[in-house]
Amino acid sequence: MIVYGKAPLMFTKYCPLKKMNQCGVCKTRSYELKDEHGTFPIISHDDCTTTILNGKTLNLLDELPSIKGIEAFRLNFTVESKEQVVKTIHKALSKLSGSMDKTVFNKETDTRGHFNKEIL
Numbered sequence: 011m012i013v014y015g016k017a018p019l020m021f022t023k024y025c026p027l028k029k030m031n032q033c034g035v036c037k038t039r040s041y042e043l044k045d046e047h048g049t050f051p052i053i054s055h056d057d058c059t060t061t062i063l064n065g066k067t068l069n070l071l072d073e074l075p076s077i078k079g080i081e082a083f084r085l086n087f088t089v090e091s092k093e094q095v096v097k098t099i100h101k102a103l104s105k106l107s108g109s110m111d112k113t114v115f116n117k118e119t120d121t122r123g124h125f126n127k128e129i130l
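In the numbering used here, the protein residues as written are 11 to 130.
Rendered as structure tokens:
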């Protein structure tokens, strides 16, 4: 079960940078789409396809102690820095062991997706 990460929203068969005559820029730096709903990171692939990620990070770390019946949890890192990865792993381990009571969910940057919604 994925409990942390930016979910892919869309896969494209073309590179937006190539359409703007900036082919290859994706190899040297990161880029993103912006609209009225926020900022969406883009991951470029070697075959010039792209993956557009959710601007908010799925964060169920606070829910870990209450999730029952799951044998494995997955932290899905895509655009995070090395420091963010290390901090998130420590938070997840602390939540699993019960040694961290502090809330790590940030309403501005995180989402719980459909985790707390009923399934009909």
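No residue lacks a Cβ here, since even glycine has one placed at the ideal position from N, Cα and C.
No experiment lies behind these values; they were computed from the predicted model shown.
For this session: Report yes or no: do the region 55-63 and the region 78-86 share at least 3 C-beta pairs separated by less than 8 Å?
Result: no
Problem set entry | Any C-beta of chain D under 7 Å from that of GLY34 | Absence of chain D from the displayed structure is noted, only one protein chain being present.
Problem set entry | Cβ neighbours of MET110 in the same chain (closer than 8 Å, five flanking residues each side left out) | LYS101, SER104
Problem set entry | Cα-Cα separation between PRO18 and GLY108, rounded to whole angstroms | 30 Å
Exercise. For MET20, which beta-bridge partners are listed by DSSP?
Worked result: ILE62
Exercise. Does any heavy atom of the ligand ATP sit closer than 6 Å to the C-beta of LYS37?
Worked result: Questions concerning the ligand ATP fall outside what the structure shown contains, since it holds no ligand whatsoever.
Exercise. Using the beta-carbon count (16 or more within 10 Å), is ILE52 buried or exposed?
Worked result: buried
Exercise. Tell me the DSSP bridge mates of LEU43?
Worked result: PHE50
For this session: Could you say if the region 87-101 and the region 39-54 meet the contact criterion of at least three C-beta pairs nearer than 8 Å?
Result: yes
For this session: Identify every run of the beta strand (DSSP E) within the region 78-106, keeping only runs that are complete inside it and at least 3 residues long; order them along the chain.
Result: 84-86
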